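Novice: Submitted below is the structure of interest, expressed as structure tokens.
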Amino acid sequence: MTVRHYASESYTEVARGGAWREVLAELGLRSGIDAGLADGYATAVLRGAGDRLIVGRLTAAAQSFRPARGRGRLSCLVLPLDDGARLTRAPGLEATAVEPGSLVLLPAAADWSLTLDKTLPAIVLCVGEAVFNGRRTGLAGVGQAEIAPTSGLVAILAGLLRAVSDEVEHLSTVEWQSLEQSLAELYLTVVLSAQSRHAADAPAVGSSGLLHRITRTIEQRLADPDLSAVRVARLEGISERYLQKLFEETGESFGLYLRERRLQAARATLSEPRDVGLAVSDIAYACGFSDPANFNRLFKARFGQSPGVFRKQATRPDAVAATSRADQRGWPVEALTAKAMRPPPRSMPVPEQAGTAERPEPAEGPVHHHLPVRAAHVHWGFFSRSLSPVLEIASGDTVTVETMTQHASDDHELMIRGDPAAEEIFRWGPTGKTIDRRGAGPMDASIFGRGAGEGFGVHICTGPIAIRDAEPGDVVEVRILDMQPRPSLSPGREGRCFASSAAAWWGYHYRDLVERPKPRETITVYEIFPDAEDPYATALYAYRWAPQTDPFGIVHRIYDYPGVPVDTRRIEPVADVLTGIRIPLRPHFGVIGLAPREAPLVDSVPPAYFGGNLDNWRLGRGAAVYLPVSVPGGLLSIGDPHATQGDGEVAGTAIECSMTGRLAIRLHKKAQLPGRPIADLTYPIIETPTDWVLTGFSHPNYLAEFGAKGQSEVYSRSSLDLAMADAFRKTRRFLMSTQGLSEDEAVSLMSAAIDFGVTQVVDGNWGVHAIIRKTLLRRAAD
Amino acid sequence: MKHHSLPVSPQTVHWGYFSKAVAPALTVTSGDRVTIETLTHHANDDYERMIAGDSAAEAIFHWTAEEKTIARRGAGPTEGPFRYGSGEGVGVHLMTGPVAVEGAEAGDILEVRVLDVRPRPSASACYCGRCFGSNAAASWGFQYKDLIEEPKPREVVTIFELDTSGEPFAKAVYNYVWTPQTDPDGIVHPTIDYPGVRVDHTLVRRRENILQNVRVPARLHFGTMGLAPAESDYVSSIPPSYTGGNIDDWRIGKGARMYYPVAVDGAFFSVGDPHAAQGDSELGGTAIETSLTGDFEFVLHKRADLGGTILEGLCHPMLETAEQWSVYGFTFANYLAELGPAAQTEVGNHASIDRAMRDAFRKLRRFLMTAHKLSEDEAIALMSVAADFGVTQVVDANWGVHGSIRKEIFRCTGV
């Protein structure tokens with residue numbers, strides 16, 4: 000279950016109250032006072048599912064909470080972090096003030112109210128029956144509200160809750176699941192001991208503590224095929240008859256309960272992808288079934304499927320994707336681990352590519368080349384040191400490079416139709432597609448089943464271009480002399496320019512939407528006016544992504560694979576979007592990169608030391624990027640053309656528009672670098688007519704930092720704080736090593752004159768850039 | 000419309016905090032203009048250049064064993080024994096004000112227009128008429144625990160001179176590493192932990208010829224401007240929050256209009272922390288801290304009149320310049336409400352631009368949806384392609400990311 004955020008800052012005054020009540024409903028609370036909610040400042044971060052367990056961190060305005068009835072809810076624990084909270088245990092009773100840091104137990108079945116007299120922060124733990132996976136807790140429908148004495152296990156639970164609430168956004172799914180169980184156990188013990196304190200008032204609950212202990216004993220001994228009521232009774236020091244009676248009071252016999260627990264345990268193991276190597280019979284034994292045939296029969300009777308069939312469905316790639324990893328782009332870490340464990344293939348798989356390299360003879364003086372976009376000249380969604388170059392050039396040559404946006408298929412009619420190159424590249428029929436591999440994933444799509452390459456990398460890249468004599472340690476300069484959008488050749492629209500922007504599932508907004516339905520993906524199609532006095536883009540229409548079936552029959556519920564043809568009958572275009580709004584153009588290439596050295600196939604999405612998906616709009620006409628060479632020839636790829644983009648690229652894409660660039664490419668040999676601003680370069684640096692722009696990343700070289708798991712970890716461990724630290728360190732180094740400043744001078748100058756900005760928060764490896772104005776250093780260069 | 004003057008003096012400043020409890024230094028009505036003088040709290044980094052001969056500065060910074068003109072510096076305790084000094088340096092900025100605005104009530108928005116900003120020249124015999132500032136790479140800077148040269152850690156003060164003869168720029172004069180300084184009450188300050196401690200220049204080693212040939216273009220602005228929050232009587236001036244404060248955005252200079260939500264009756268506007276120049280992030284902990292004087296105009300927007308304007312639903316500070324609107328995201332949009340009683344010290348333990356980015360994203364989305372009547376899908380599409388997010392500061396405990404949208408985009412929409 001994902002993390003949900005609420006912030007009153009997100010909502011208009013009218014919508015604030017309703018959105019807040021939804022947050023409370025998730026926690027099994029309702030607010031007694033509605034007035035003033037619209038004014039109140041409030042935030043919430045929730046993790047977990049309501050029928051199991053939720054940890055929430057709230058800032059709530061003055062109001063009164065009461066229980067909201069809901070199936071399977073046990074109780075809510077509230078830990079106010081400031082004074083101003085009062086508990087009324089039952090109607091008509093006096094309210095008691097709650098000390099900050101005390102834990103208030105609020106059973107769903109009782110009739111209490113918790114009043115906040117002012118805005119205050121609190122942590123909430125909400126527990127439902129499902130978290131105990133069918134174990135008897137004896138807690139449903141009982142209990143009374145109280146402030147737990149702050150000592151012993153209560154203090155530990157409170158401390159753990161504080162720690163969990165601090166980290167709740169950053170925990171992996173696996174980490175969360177284990178914490179969920181620990182919190183559930185602690186909760187149970189705390190609540191049962193509270194109940195035993197009240198045992199005199201309510202004799203029935205004394206036995207629930209014992210029942211809790213017994214069920215825990217059973218959980219620990221499920222693997223024992225000889226576990227019986229007699230043995231459990233002996234372990235707990237009670238008579239077998241009393242044990243049976245305890246279970247009968249819950250409406251189920253001991254024998255049936257034990258069998259259910261064994262079956263549930265087996266089912267949990269069968270749905271675990273990590274355990275697919277275990278034989279079904281071994282799982283049966285491990286869960287205390289001594290006869291696998293009998294287990295098969297019982298399992299089928301209970302769940303309607305044989306264990307084998309159930310397992311096949313539960314561990315199917317798309318089922319796994321749907322539960323745990325669909326919110327992360329790129330390789331899932333388990334698949335990378337499995338890949339690393341397999342023996343390496345006898346020969347390195349070279350990505351398929353038609354066509355032959357154009358290798359002009361070395362010429363006197365600079366040569367101009369033309370590299371048209373066509374299937375033989377592009378690779379889709381990855382960088383690779385193993386690709387044969389499609390063009391070889393010499394330092395100082397200029398190249399006209401045509402590029403194609405991978406978003407052209409968002410409107411085939413406007414952006415593909417009539418354009419022979421686009422039609423060829425995007426061609427995809429029931430029997431085949433021109434460019435099968437899209438992304439760095441497996442060709443057999445064995446991970447998610449999206450398609451060849453799995454869409455682990457999405458950009459159509461033109462190249463690679465080999466630069467003669469380029470060797471590791473050298474620097475390649477790519478200077479953009481000009482950029483023009485690619486005119487449409489669609490009948491009736493020839494010469495006009497079109498583009499698309501997707502607010503996609505990898506966007507920064509996707510889990511933080513305020514309007515319904517949530518979540519959703521929206522495509523906006525634009526027209527570009529490059530020849531206007533102030534060139535601009537304006538929106539034509541938008542549509543919500545609807546599941547699309549590709550020609551191979553795979554359904555793409557979300558925008559999870561590039562170039563999927565959009566069936567216009569399945570979408571509903573909305574005109575009148577962004578009416579009157581003109582967005583000034585900032586034409587640039589999102590992707591300019593050299594081949595990385597670390598791996599043969601690298602996802603094109605996360606940028607790093609080799610360049611790649613920099614997504615910095617300053618890399619447009621008149622600007623240059625300097626890239627460190629990692630492999631012989633450098634192997635330059637260019638793509639992801641953007642008509643314009645904002646710093647942050649929050650929705651996940653820019654205005655994506657096929658474009659043609661005229662580039663001047665120069666090789667700077669390692670020996671010539673000392674004393675120049677590009678000396679000691681281990682990362683991409685952008686030069687504009689006015690500025691040096693240094694690129695910081697969350698993980699400057701994620702491929703090296705995380706090793707085999709890099710292409711997954713980089714997506715789950717990105718942060719602006721890390722990217723800021725990287726940008727700071729690079730800027731300090733640049734000022735010290737190329738401008739001759741001391742560390743103290745560099746830090747002072749950064750504080751006074753260097754601007755740090757957010758490049759993007761959507762490309763796996765998040766970026767912060769530092770802008771150093773050349774005028775600062777002008778006199779030093781004189 | 001009246002034009003008032005608010006010179007800086009011991010009677011018109013408060014040091015290190017915003018407060019709804021301090022008597023106003025001036026009361027104005029909506030539409031009035033005021034010329035307000037401000038002093039940098041770093042002036043004592045070089046007494047000769049920035050205080051000597053300036054009678055107001057001399058009076059305000061006056062501190063001997065017998066007498067300390069402004070005893071309280073910060074929102075901390077004012078009863079000893081002190082670790083650092085009265086107010087304990089929980090907040091450092093020397094603030095001029097408060098300026099009360101007649102008829103302002105919680106829920107209104109106060110617009111503050113910065114009409115002009117000019118530097119305060121030195122009045123000392125040796126440097127008369129020249130302008131100076133100080134930049135401290137301090138313990139609260141982003142670099143402090145990540146230094147590479149020895150000694151580690153260290154604080155460094157760099158003194159700049161502001162050249163206003165042509166296009167104004169700042170140039171470094173000298174720097175020194177901070178050494179323990181003993182204040183007139185006998186408290187030793189091993190680091191820059193309390194504002195206004197006069198640096199004994201016999202105890203530091205000046206290094207000349209630094210940042211040679213480097214010219215820092217001037218960006219005159221006020222780092223700290225804002226209104227008194229409602230939550231506490233004394234609120235540290237360091238973390239910016241929902242009523243503004245130490246936003247440290249260099250765009251808040253001449254021509255800027257700032258909008259602040261009013262939290263207390265009278266609004267209680269204060270201004271200080273004048274800067275000659277600063278980069279986005281204010282990396283080392285301070286800007287080029289330089290005493291400045293500004294001309295301001297105050298416009299009160301009553302709550303009932305906000306509907307249908309760009310101020311509708313505004314619950315955080317916002318900037319308008321000729322080119323753009325900017326909203327300010329913080330690690331905590333309202334840290335006083337979110338962190339409870341220990342908020343003013345606790346806020347620094349959670350500093351993160353990741354959270355500030357999230358806050359800025361939400362605030363800009365709300366602004367586009369409310370003020371520009373866009374649907375959420377339109378707002379998000381527009382932000383991705385036309386809004387720029389930058390790092391405001393990573394040194395003020397409650398870190399900041401600003402989200403800006405250019406006005407020209409809406410030129411043809413009639414808004």
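Which chain is which? The protein sequence lines are L and G, in order. Numbered per numbering that gives the first Met the number 0, the first sequence finishes at 781, counting up by one with no gaps. Numbered per numbering that gives the first Met the number 0, the second sequence finishes at 414, counting up by one with no gaps. Every residue gets a Cβ at the ideal spot worked out from N, C-alpha and C, and that includes glycine. Note that the structure is predicted; figures quoted are calculated from it, not measured.
1. Checking contacts by CB at 8 Å: is L:Glu8 closer than that to chain G?
2. Put L:Val563 into one of helix, strand or coil per three-state DSSP.
3. Name the two residues that bound the continuous beta strand (DSSP E) containing G:Phe297.
4. Can you find the residues in the same chain that come closer than 6 Å, C-beta to C-beta, to G:Ser325, ignoring five residues on each side of it along the sequence?
5. Can L:Ala129 and L:Arg51 be called in contact, C-beta distance under 8 Å?
6. Against L:Gly766, what residues of chain G qualify as contacts under a CB-to-CB distance less than 8 Å, listed in chain order?
7. Using a beta-carbon distance below 8 Å, is L:Glu744 in contact with chain C?
8. Does the distance from the CB of G:Ala332 to the CB of G:Asp358 come in under 8 Å?
9. Which chain L residues sit within Cβ distance under 7 Å of G:Lys362?
10. Taking the beta strand (DSSP E) that G:Met368 belongs to, which residues open and close that run?
11. Less than 8 Å between the beta carbons of L:Ala413 and L:Ser500, yes or no?
12. Ignore the nearest five residues each way along the sequence and tell me which others in L:Asn295's own chain have a CB closer than 7 Å to its CB.
13. With G:Val390 and L:Gln644 assumed to form a contact (beta carbons below 8 Å), what rounded beta-carbon distance in angstroms separates them?
14. Give me the chain L residues within the contact set of G:Glu281, using Cβ-Cβ distance strictly less than 7 Å, ordered along the chain.
15. Take G:Thr201 as the anchor and find which of G:Tyr175, G:Tyr327, G:Gln142, G:Tyr193 has the nearest alpha-carbon.
16. So, does the CB of G:Gly278 fall closer than 8 Å to a CB anywhere in chain L?
17. Please classify L:Thr268 as buried or exposed, where buried requires at least 16 neighbouring CB atoms within 10 angstroms.
18. Quick check on G:Lys406: buried or exposed, where buried means 16 or more other Cβ atoms within 10 Å of its Cβ?
19. Please tell me whether L:Thr58 and G:Glu337 are closer than 8 Å, where the distance is taken between their beta carbons.
20. By a C-beta neighbour count over all protein chains shown, 10 Å radius and 16 as the cutoff for buried, is G:Tyr143 buried or exposed?
21. Would you mind working out which of L:Leu719, L:Asp396, L:Lys517, L:Lys729 sits nearest L:Ile677, comparing C-alpha positions?
22. Apart from the five residues just before and just after L:Pro518, which ones in its own chain have a Cβ nearer than 8 Å to its Cβ?
23. Between the alpha carbons of L:Arg617 and G:Arg361, how many angstroms are there, rounded?
24. Within 10 Å of its beta-carbon, does G:Ala22 have 16 or more other beta-carbons around it, so buried, or fewer, so exposed?
25. In chain G, which residues lie less than 8 Å from L:Thr42 when you measure between Cβ atoms?
26. Can you give me the C-alpha to C-alpha distance between G:Gly254 and G:Pro150, rounded to a whole angstrom?
27. Quick check: the Cα distance between L:Leu187 and L:Thr136, rounded to an integer number of angstroms?
28. Less than 8 Å between the CB atoms is what I'm expecting for G:Arg206 and G:Tyr173, so what's the real figure, rounded?
29. Report yes if the C-beta distance between G:Tyr334 and G:Pro238 is below 8 Å; otherwise report no.
30. Starting from G:Ser383, find everything on chain L with Cβ-Cβ shorter than 8 Å and list it in chain order.
31. For L:Ala94, which residues from the same chain have a beta carbon less than 6 Å from its beta carbon, with the 5 sequence-adjacent residues on both sides left out?
32. With a threshold of 8 Å between beta carbons, is G:His315 in contact with chain L?
33. Have a look at L:Ala6 and G:Lys67 and give me their C-alpha separation to the nearest angstrom.
34. G:Ala56 to G:Val203, Cα distance in whole Å?
35. What does the Cβ neighbour count give for L:Leu262, buried or exposed, with the cut at 16 atoms within 10 Å?
36. Applying the criterion that 16 or more other CB atoms from any shown protein chain within 10 Å of the CB defines a buried residue, is L:Tyr241 buried or exposed?
Specialist: Inspection of the coordinates gives the following:
1. With 8 Å as the cut-off, L:Glu8 counts as an interface residue toward chain G.
2. L:Val563 falls in the coil class under three-state DSSP.
3. 291-300 is the extent of the beta strand (DSSP E) around G:Phe297.
4. Same-chain partners within the cutoff: Leu318, His401, Ser403.
5. Contact: yes.
6. Taking a Cβ-Cβ threshold of 8 Å, none of the residues of chain G is close to L:Gly766; the smallest such distance is about 11 Å.
7. Annotation note: the requested chain C is absent from the structure, which comprises protein chains L and G.
8. In contact: G:Ala332 and G:Asp358 (Cβ atoms closer than 8 Å).
9. Those within 7 Å of G:Lys362 in chain L are Glu8.
10. Note, G:Met368: premise wrong, no beta strand (DSSP E); alpha helix (DSSP H) at 352-370.
11. In the sequence as presented, Ala is not what sits at residue 413 of chain L; that position holds Leu. Contact: no.
12. The answer, listed in chain order, is Ser305, Pro306.
13. Not really, about 18 Å apart at Cβ, beyond 8 Å.
14. Here the neighbours are Ser750.
15. Closest option to G:Thr201, Cα to Cα, is G:Tyr175.
16. Yes, its Cβ sits closer than 8 Å to a Cβ of chain L.
17. It is buried - the Cβ of L:Thr268 has at least 16 other Cβ atoms within 10 Å.
18. Flag for G:Lys406 reads exposed.
19. In this structure, the beta-carbon distance from L:Thr58 to G:Glu337 falls below 8 Å.
20. Buried.
21. Comparing Cα-Cα distances from L:Ile677 to each of L:Leu719, L:Asp396, L:Lys517, L:Lys729, the minimum goes to L:Lys729.
22. Around L:Pro518: Trp504, Tyr509, Arg510, Leu512.
23. Distance from the CA of L:Arg617 to the CA of G:Arg361, rounded to the nearest whole angstrom, comes to 25 Å.
24. Label assigned to G:Ala22: exposed.
25. For L:Thr42, the residues of chain G that pass the 8 Å Cβ criterion are Ala332, Glu337, in the order they occur in the chain.
26. Taking the Cα positions, G:Gly254 is about 43 Å away from G:Pro150.
27. Straight-line Cα distance between these residues: approximately 8 Å.
28. In this structure G:Arg206 touches G:Tyr173 by the C-beta definition: roughly 6 Å separates them, less than 8 Å.
29. For G:Tyr334 and G:Pro238, yes; Cβs fall inside 8 Å.
30. For the C-beta of G:Ser383, the chain L residues within less than 8 Å are, from N- to C-terminus, Ser500, Ala502, Gly506, Gln644, Gly645, Gly647, Glu648, Val649, Ala650, Gly651, Thr652, Ala653.
31. Result list for L:Ala94: Arg85, Thr87, in chain order.
32. Yes, G:His315 counts as interfacial toward chain L.
33. When rounded, the distance between both Cα atoms is 44 Å.
34. Rounded to whole angstroms, G:Ala56 to G:Val203 spans 23 Å at the Cα level.
35. Label assigned to L:Leu262: buried.
36. The residue in question, L:Tyr241, is exposed, as its Cβ has fewer than 16 Cβ neighbours within 10 Å.
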